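> Would you mind keeping the following structure in view while I ask a few things?
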Amino acid sequence: MATGSGRYLRYILFAFFGITILYFISTSSLPSYTQPLTEAAGKLSWDDLSKLHPHPPPPPPPPAPPSSEEKPKTDFDSIADAFHNDPLRPKVSNSDGNSRLDITPVPSTQLSPAAPGERVNATFVTLARNTDLWEIARSIRQVEDRFNRNYNYDWVFLNDKPFDETFIKVTTSLVSGKTHYGQIPTEHWSFPSWIDQKKAEQVREDMRRRKIIYGDSVSYRHMCRFESGFFFRHPLLHQFEYYWRVEPSVELFCDIHYDPFKFMKDNGKKYSFVLSLYEYVETIPTLWESTKKFIKAHPEHIHPDNSMAFLSDDGGDTYNKCHFWSNFEIGNLDWLRSQPYLDFFESLDKDGGFFYERWGDAPVHSIAASLLLPKDQIHFFNDIAYYHVPFTHCPTGEDLRLKLRCHCNPSDNFDWKGYSCTSRYYDLNKMRKPAGWEGQV
Ligand SMILES: Nc1nc2c(ncn2[C@@H]2O[C@H](COP(=O)(O)OP(=O)(O)O)[C@@H](O)[C@H]2O)c(=O)[nH]1
Ligand SMILES: [Mg+2]
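Our numbering puts the first residue of the sequence shown at 1392, with every later residue one more than the last.
Okay, here's the thing in structure tokens:
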């Protein structure tokens, strides 16, 4: 019996001892949880918490005043505080009903404040396939970061097929202006009735054997013809006066510190370029013959102050193959829609060289600009630094490059190299080349 009651007493002592330890553990850990929760919750009131929590705990004691030894707040702390206190940040609950903070910052809908001042009636324009999505995404991001995030111009996308949902979703998210998506009508992307299909096929086969770049491609020819004669007639472009063409995988290396559309309009410019070079002669053997035929048929369209000296070294007898590289261009749509340009395109189109050879839109636009426009309506943008494989335009002049935060290597600049026609453009316009050009020849 004595042994039995002793054992009983031991059980009671053990139980008492265990309960006491548990009490100390639980009470000593409580304050360190409640304190940070109220700080971190910021604008979350206890009323809010009680709505989230079915059985709210009692309100915690007020926080102790900071001691004099408390560490002063660093900048990082105040950034973190501002972040935690952001009233726009969503406060969410765990599946168990406990409140917690979502630590993912909320994206802002406003990328950057818009630059003050008027906008021109202008748009970016891109011809692309759905498969070009990630390459055009890179280009858009560069154009937006360097310029358009502050100007919010629209962007027109054109395709010979319908754009898919992903293309539309991603590009819409990248462009700060409005986006428009259009399908090209079949008659602007097909063989015209007067083209001999057999002859065109033989040409492609011959060019394939001679390994001429894109020589065997039907779609590339439709693309060149469309860019030469039809993109500016697409209904989505009717409302605009200026366009800026952007291709997939291009790069912009410097900040654009003003609105090039406004520059074009204010200065009466109709066409502009950043790179120029010689065309691959195998793709245009009879383009100049066709051009001469047009000059004869429409002398009234040739401007007296033209840039024939850019195209020809013998007063127009032969073509030197110089052209502005049209994967970048900022231009006036009304000029392309004007009678002189339309007559020029129609005359070339009837001769069939888009299919019987492989005429590119770059020499077509360049010949038109050089013959139909006065010299002072063509502009060279030295300050827009640009890359399209394989050529770079990196502004000449260190001062300019530093001010514009350029990241191109000046030694990559193509402007003054032997295969560029930009020196010729400077000479015929009697322009002084930028300081330092001799070092880049
Ligand atoms: N929708 C569509 N766009 C095309 C097609 N072929 C080329 N493009 C676009 O036309 C432009 C020029 O084509 P690209 O491949 O860059 O030619 P490159 O710069 O001459 O080598 C780019 O904007 C392409 O996305 C095509 O078959 N369909
Ligand atoms: Mg390209």
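For glycine and all other residues, C-beta sits at the position ideal for the given N, C-alpha and C. All values reported here derive from a predicted model rather than from experimental measurement.
So, at 7 Å on beta carbons, what are the nonlocal neighbours of F1805 in its own chain, with the 5 sequence-adjacent residues on each side left out?
For F1805, where only same-chain residues beyond five positions count, the Cβ hits under 7 Å are L1666, F1782, T1783, H1784 and S1811.
> According to DSSP, what are the bridge partners of A1505?
Beta-bridge pairing links A1505 to no other residue.
> What does the alpha-carbon distance come out to for the pair T1787 and Y1777?
Going from the Cα of T1787 to the Cα of Y1777 covers about 12 Å.
> What span of residues does the beta strand (DSSP E) with A1519 cover, start to end?
Segment: none, A1519 is in no beta strand (DSSP E) and carries neither H nor E.
> With respect to 7 Å, is the separation between the Cβ of S1619 and the closest non-hydrogen atom of ligand 1 below this value?
Answer for S1619: no, Cβ out of range of ligand 1.
> Checking the sheet assignment: what are the DSSP bridge partners for T1783?
DSSP output for T1783 lists Y1778 and N1804 as bridge partner(s).
> Answer with buried or exposed for S1610, where buried requires no fewer than 16 other C-beta atoms within 10 angstroms of its C-beta.
So S1610 counts as exposed.
> Quick check: R1823 and N1718, are their CB atoms within less than 8 Å of each other?
No, the Cβ-Cβ distance between R1823 and N1718 is not below 8 Å.
> State the start and end residues of the unbroken beta strand (DSSP E) segment that holds W1635.
That run of the beta strand (DSSP E) goes Y1633 to R1636.
> Determine, using beta-carbon pairs with one atom in the stretch 1560-1580 and one in the stretch 1676-1694, whether at least three such pairs fall under 8 Å.
Not touching, per the Cβ criterion.
> Just to confirm my understanding: we take C1799, look at its own chain, exclude 5 residues before and 5 after, and list those with CB closer than 7 Å. What are they?
Excluding positions up to five away in sequence, the list reads F1644, A1776, T1783 and C1785.
> Do you know how far the Cα of P1496 is from the Cα of P1731?
Answer to the nearest angstrom: the Cα atoms are 55 Å apart.
> Compute the Euclidean distance between the alpha carbons of E1720 and F1664, then round it to the nearest angstrom.
In a straight line, the C-alpha of E1720 is about 5 Å away from that of F1664.
> Smallest Cα separation from D1551: which of T1517, Q1533 and L1702?
Nearest option by C-alpha distance: T1517.
> Going residue by residue through the stretch 1691-1761, where are the continuous beta strand (DSSP E) segments of at least 3 residues, counting only ones entirely within it?
1713-1715 and 1720-1723, all fully within the stretch 1691-1761.
> Within 8 Å, do at least three Cβ pairs link the stretch 1577-1587 to the stretch 1610-1624?
The answer is yes - the stretch 1577-1587 touches the stretch 1610-1624, with three or more Cβ pairs under 8 Å.
> Hey, is the stretch 1759-1772 in contact with the stretch 1696-1710, meaning 3+ C-beta pairs nearer than 8 Å?
With a cut-off of 8 Å, the stretch 1696-1710 and the stretch 1759-1772 count as touching, because enough Cβ pairs lie within range.
> Near ligand 4, which residues have their beta-carbon closer than 6 Å to a heavy atom?
By its list of ligands, the structure shown excludes ligand 4, since it contains just ligand 1 and ligand 2.
> Say the cut is 7 Å; is the CB of L1518 nearer than that to a heavy atom of ligand 1?
Correct: L1518 has its Cβ closer than 7 Å to ligand 1.
> Secondary structure at A1432, three-state DSSP: helix, strand or coil?
At A1432, the pLDDT of 32 sits below 50, so the modelled position is not reliable; the number obtained from the coordinates is stated separately. Of the three classes helix, strand and coil, the one that applies to A1432 here is helix, per DSSP.
> Taking one C-beta from the stretch 1738-1747 and one from the stretch 1684-1691 each time, how about it: are there three or more such pairs within less than 8 Å?
Enough Cβ pairs lie closer than 8 Å, so yes.
> Kindly indicate which three-state DSSP category T1570 falls into: helix, strand or coil?
Strand at T1570.
> Do I1769 and P1639 have their C-beta atoms closer together than 8 Å?
No, they are not a contact pair.
> Near L1565, what residues of its chain come up, given a Cβ to Cβ distance below 8 Å and the 5 sequence neighbours on each side ignored?
Taken in chain order, the residues that qualify are A1528, I1531, R1532 and E1535.
> Determine, using beta-carbon pairs with one atom in the stretch 1647-1661 and one in the stretch 1600-1609, whether at least three such pairs fall under 8 Å.
With a cut-off of 8 Å, the stretch 1600-1609 and the stretch 1647-1661 do not count as touching, because too few Cβ pairs lie within range.
> When you compare the CB positions of D1752 and E1618, do they come within less than 8 Å of one another, or not?
For D1752 and E1618, yes; Cβs fall inside 8 Å.
> How should P1754 be labelled, buried or exposed, when 16 other C-beta atoms within 10 angstroms of its C-beta is the threshold for buried?
Looking at its Cβ environment, which holds 16 or more other Cβ atoms inside 10 Å, P1754 is buried.
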